[in-house]
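Numbering (my numbering), first residue to last: 119 to 367.
Reading through the structure tokens given below for one structure.
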């Protein structure tokens with residue numbers, strides 16, 4: 119089986135896990151392509167997710183690829199990816215807010231990786247540090263568990279085909295969606311407050327209905343974001359929109 123894997127460095131720790139999985143897939147013809155600083159390629163492929171796996175030049179897979187998924191595709195049992203949908207609660211809850219740094223990044227491993235391997239988190243930390251960041255965002259801790267968080271990147275360092283300038287920040291990851299409560303709103307509000315000290319606007323990509331990436335368009339509009347329009351239609355999987363929030367002058 120032919121596999122082409124596009125990924126944005128180690129922006130997501132799952133990328134490291136998928137790279138390891140593909141390296142072990144000796145029976146497959148695997149090509150891995152890092153899109154970091156490759157804006158032209160990201161534009162040509164219309165990449166808006168941190169990773170994309172293409173099987174046999176036909177099946178596009180935007181979510182994590184596990185050993186089970188790999189086997190299912192290889193055997194023909196899996197022929198398409200289904201969207202992941204969570205009915206997000208709007209009951210906001212607040213716990214303890216922590217800056218997301220190299221020292222605290224490992225706390226997110228349980229919810230942000232497939233195997234909670236600290237080595238994967240170290241690769242992500244090194245990647246973000248190489249981009250000149252010391253604070254990657256905020257994480258939300260409640261009763262000893264990480265329940266939410268927000269991460270960002272200067273838009274000029276984002277490979278996706280989005281508007282970019284020195285006055286624009288981009289939200290790379292907003293998590294975790296939950297039916298129980300809204301754990302994302304508070305860290306998002308605090309992230310906005312911090313970013314607006316330097317930037318004039320914040321951009322984010324989201325879907326109309328699916329949980330990935332970042333949550334739904336409706337949720338962000340409730341947080342005061344404005345829809346800049348539909349940027350990608352993935353038949354049967356997603357309808358992606360670019361949203362923005364501007365600093366109050």
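Where a beta carbon is used, it is the ideal one built from N, C-alpha and C, also for glycine.
9 Å Cβ cutoff met for residue i and residue j
| i | j | result |
| --- | --- | --- |
| residue 302 | residue 359 | no |
| residue 178 | residue 151 | no |
| residue 278 | residue 332 | no |
| residue 226 | residue 312 | no |
| residue 255 | residue 291 | yes |
| residue 340 | residue 286 | no |
| residue 299 | residue 220 | no |
| residue 168 | residue 141 | no |
| residue 127 | residue 288 | no |
| residue 210 | residue 355 | no |
| residue 176 | residue 228 | no |
| residue 297 | residue 205 | yes |
| residue 243 | residue 223 | yes |
Residues sharing a beta bridge with residue i, DSSP
| i | result |
| --- | --- |
| residue 217 | 256 |
| residue 362 | 321 and 344 |
| residue 351 | 357 |
| residue 270 | 289 |
| residue 153 | Its beta-bridge partners do not exist; DSSP assigns none. |
| residue 179 | 171 |
| residue 334 | 325 |
| residue 148 | 121 |
Continuous alpha helix (DSSP H) stretch holding residue i: start and end
| i | result |
| --- | --- |
| residue 305 | 303-313 |
| residue 368 | With the chain covering only 119 through 367, there is no way to say anything about residue 368. |
| residue 132 | 131-142 |
| residue 298 | Counting along the chain, residue 298 falls outside any alpha helix (DSSP H), and DSSP gives it neither H nor E. |
Sequence-distant residues of its chain with Cβ nearer than 6 Å to residue i (five each side left out)
| i | result |
| --- | --- |
| residue 149 | 122 |
| residue 171 | 123, 179 and 183 |
| residue 241 | 128 and 134 |
| residue 271 | 288 and 290 |
Where the beta strand (DSSP E) through residue i begins and ends
| i | result |
| --- | --- |
| residue 170 | 169-173 |
| residue 159 | Unbroken run through residue 159 is the alpha helix (DSSP H), 157-163; no beta strand (DSSP E). |
| residue 230 | First-last for residue 230: 227-230, but that is the alpha helix (DSSP H), not the beta strand (DSSP E). |
| residue 120 | 120-125 |
Close-in-space but distant-in-sequence residues of the same chain around residue i (CB under 8 Å, 5 per side omitted)
| i | result |
| --- | --- |
| residue 160 | 153, 277, 278 and 279 |
7 Å CB neighbourhood of residue i in its chain, flanking five on each side removed
| i | result |
| --- | --- |
| residue 351 | 357 |
| residue 347 | 359 and 360 |
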